[in-house]
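Here's the structure we're looking at; comments come further down.
Protein chains: 2
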Amino acid sequence: MKKFINDPQQFVPEMLEGIALANPDTLRYLPEYNLLMRADSPREDKVSIVQGSGSGHEPAHVMIVGKGMLDAACPGDVFAAPPMDYVYETTKKLASPKGVLLLVNNYTGDRMAFDMGKEMAEAEGIRVEILTINDDVAVKDSLYTVGRRGVAGNFFVIKAVGAASEQGADIEELLRIGNKVNDVTRTMGVALTSCTPPAKGSTLFELGEDEIEMGVGIHGEPGRKRMKMTNADAIVDELLEAVVTDLPYSSGDDVALMINGLGGTPISELYILYRRAHQKLTEQGIKVTRSYVNEYCTSLDMAGASLTLVKLDDEIDALLGAPAEVAVRVF
Amino acid sequence: MKKFINDPQQFVPEMLEGIALANPDTLRYLPEYNLLMRADSPREDKVSIVQGSGSGHEPAHVMIVGKGMLDAACPGDVFAAPPMDYVYETTKKLASPKGVLLLVNNYTGDRMAFDMGKEMAEAEGIRVEILTINDDVAVKDSLYTVGRRGVAGNFFVIKAVGAASEQGADIEELLRIGNKVNDVTRTMGVALTSCTPPAKGSTLFELGEDEIEMGVGIHGEPGRKRMKMTNADAIVDELLEAVVTDLPYSSGDDVALMINGLGGTPISELYILYRRAHQKLTEQGIKVTRSYVNEYCTSLDMAGASLTLVKLDDEIDALLGAPAEVAVRVF
């Protein structure tokens, strides 16, 4: 394993410290709870928007705290849910008279931590609601799972409720908006390689030189199938078929199209995937009116990508287009 | 090799087509010259800013065409300078009465192509100037090289002349500003792995499991030395020592600090590098007032990073802070 790390146990705290040092005017860092929060939160006139999850998915979520996005993020260690007391303490720190909205990607560990943290905060009179995100079409509900996983589509839920909360929406309205966006958002990913968690020091799973994992999860969970490597267009066609038919998205729809890199894939390749997805959607009469090609929700250094569609209406489009400022940026 | 590509020969054109499809209102794509240009360029009241170089360094330069940055980019194939006729045709398309400023990273092939393209355009009465960028401290001038290489620091030259050109600066003024920024910008990089050019299909160079290349070039050129892998802080200390002592940067200076990912390194690790660099600079009395932590100038899928410092004064600070809009973005 060759990574830019010091002590693997300090991977998350050192990263958080770096983010805080780079944003001294806008962020506050509370190391005791892995908590990064906006320096101007909580505000009396605004519901606080919080997300936590395992680390290793950066820029989600610790680098998207800021105006128009999250008020705070409290991550766990790599691929591990935040401890419930981090969620509890974070909720207390972010308590606003308008309430705290906790966004949770749909995994057993995350749901448990946030449910408990919510209960503990409510016992102190804080208004708390939870909104669960589950955009991954790769794995269906079954007796053996907690249901669909939350993956890169969480960006759109955060963006929408982040914008609406800036505009003064109350917590019921934010639940309506967040659930509405989640309901029209679908994602599927593909891995070309495994990733290497710093504390493990070796790859999370094995994938042959000519194999890919179609439908991979952002923690390296198995997808729909392991298949032979093929070209970019064929990979996009398979991702797109799974995503489009799931909602389904139909001719006449306006959509946001996201090609999300999983951490080890350069942005040049993401645009090659984007090109094919745009062409195929256009052929099907589905109009791409918003484009997102970058890393949003990664899996450490995994080579791979995911494809997300969001069906747009005027309300969602306006919220996605509202101004926002976060740590991950170019300028 | 597992990459999201179709035909390796179509790597660059398909990427460019993807960028154009994602930005239909702001960009124009002319496939015959690998040319991506702003839809509203050339303008009578503005010097046109153009950069070309080999591809494989994305987002540089094809994804940073836009308001306040480049008017156009004409890339060559992966790691190959653009053909001189691409430079010539691009210069003609971008001809403004105020002139065309060609930005060139300091490599033999790039300089030849741009010198010839400039001559051909001048023969048709177009005002053209060339500004050469050479921020890499790893390799010194010698009889055997064309001099220092241009690497990630080119972002700051582009940002400054892009902003000044929007404000109406003439071409002499842009040369002054661009050279001034280049003169106070220094970079050094380090590779943890090689990269794999699509047409080659195998790694560009070999690096042992426990080796890193200190001072690597963005095309995998050798650096100062090959050394044993060590921790993030020790790597930053070595990069910083080389960069700080070169200008030198001194106590009391305000600087912009860039940690640039080389393509295969996740942004989490870049912030671990940033943390140490910020701490060490602060100890030396050098104040980081602008921070850039992302991928700016990559080397395909190479795991690695570079560290850049820019010494700021009021003029440079204002130009770096001016508004800009490009294809690589979060929202």
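The listed protein sequences correspond, in order, to chains S and F.
First residue of the first sequence: 5, per the working numbering; consecutive thereafter.
First residue of the second sequence: 5, per the working numbering; consecutive thereafter.
Virtual Cβ for every residue (Gly too), placed ideally from N, Cα, C.
Using a CB distance cut-off of 8 Å, F:Asn138 does not count as an interface residue toward chain S.
For the options S:Asn158, S:Ala156, S:Thr189, S:Thr136, the alpha carbon positioned closest to that of S:Val150 is the one of S:Thr136. When CB distances to chain S are screened at a threshold of 7 Å, the residues of the segment 280-297 of chain F falling below it are His282, Ser295, Val297, in chain order. Assignment of alpha helix (DSSP H) within the segment 300-331 of chain F, counting only whole runs of 4 or more residues, yields 318-325 in chain order. For S:Asn109, the pairing in a beta bridge is given by DSSP as S:Ile137. Shortest Cα-Cα distance from F:Ala246 to any of F:Lys97, F:Ala64, F:Gly227 involves F:Gly227. Within the same chain, Cβ atoms closer than 7 Å to the Cβ of F:Tyr253 are found at Val259, Ile290, Leu313, Lys315, the five residues on either side in sequence being excluded. S:Asp89 has no beta-bridge partner at all, per DSSP. Within the DSSP bridge table, the entry for S:Ser59 names S:Val82 as partners. By the neighbour-count definition (other C-beta atoms within 10 Å, threshold 16), S:Ser255 is an exposed residue.
DSSP places S:Asp11 outside both helix and strand once states are collapsed to three, so it counts as coil. Straight-line measurement puts the Cα of F:Pro28 at about 32 Å from the Cα of F:Glu123. Just so you know, the alpha carbons of F:Gly325 and S:Phe335 end up roughly 8 Å apart.
Burial of S:Arg279 is indicated by the presence of at least 16 other C-beta atoms within 10 angstroms of its C-beta.
Listed in chain order, the non-local C-beta contacts of S:Met67 below 7 Å within the same chain comprise Ile23, Val330, Ala331, Val332, local neighbours out to five positions each way being set aside. Residues Lys50, Val51, Ile53, Leu178 of the same chain have their beta carbon placed closer than 7 Å to that of F:Ser169, with the five preceding and five following residues left out of the count. Taking the Cα positions, S:Ala156 is about 36 Å away from F:Asn109.
Rounded to the nearest angstrom, the gap between the Cα atoms of F:Ala164 and S:Ala173 is 40 Å. Collapsing the DSSP output to three states places S:Lys163 in a helix. Of the candidates S:Asp75, S:Gly113, S:Gly193, S:Gly121, the residue whose Cα lies closest to the Cα of S:Gly267 is S:Gly193.
Minimum Cα-Cα distance from S:Gln288 among the listed residues S:Asn264, S:Leu274, S:Asp257, S:Tyr275 corresponds to S:Asp257. Listed in chain order, the positions of the segment 224-246 of chain F with a beta carbon within less than 7 Å of a beta carbon of chain S are Met233, Asn235, Ala236, Asp237, Ile239.
S:Lys6 and F:Glu48 have their alpha carbons spaced roughly 51 Å apart. Using a Cβ-Cβ distance cut-off of 8 Å, the segment 181-196 of chain S and the segment 300-311 of chain S are in contact, since at least three pairs of beta carbons, one from each stretch, lie closer than that value.
Per DSSP, F:Gly265 lies in no alpha helix (DSSP H); the unbroken beta strand (DSSP E) holding it starts and ends at 258-265. The residue from F:His65, F:Val69, F:Gly72 with its alpha-carbon nearest to that of F:Pro79 is F:His65. Residues Asp214, Glu215 of the same chain have their beta carbon placed closer than 7 Å to that of S:Lys232, with the five preceding and five following residues left out of the count.
For S:Ser45, the secondary structure class from DSSP, reduced to helix, strand or coil, is coil. Looking only at S:Met262, S:Leu277, S:Lys229, S:Phe209, the smallest Cα-Cα distance to S:Glu217 is reached by S:Lys229. A residue is called buried once 16 or more other Cβ atoms fall within 10 Å of its Cβ, and F:Ser45 is buried on that count. Across the set S:Glu319, S:Pro35, S:Arg131, the C-alpha of S:Arg131 shows the shortest separation from the C-alpha of S:Ile175.
Contact with chain S is absent for F:Leu34, since none of that chain's Cβ atoms lies less than 8 Å from the residue's Cβ.
As the crow flies, the alpha-carbon of S:Lys71 is around 16 Å from that of S:Ala322. If you ignore the 5 residues before and after F:Val82, its C-beta comes within less than 8 Å of the C-beta of Phe15, Val16, Gly58, Ser59, Gly60, Pro201, Pro202, Ala203, Leu304, all in its own chain and listed in chain order.
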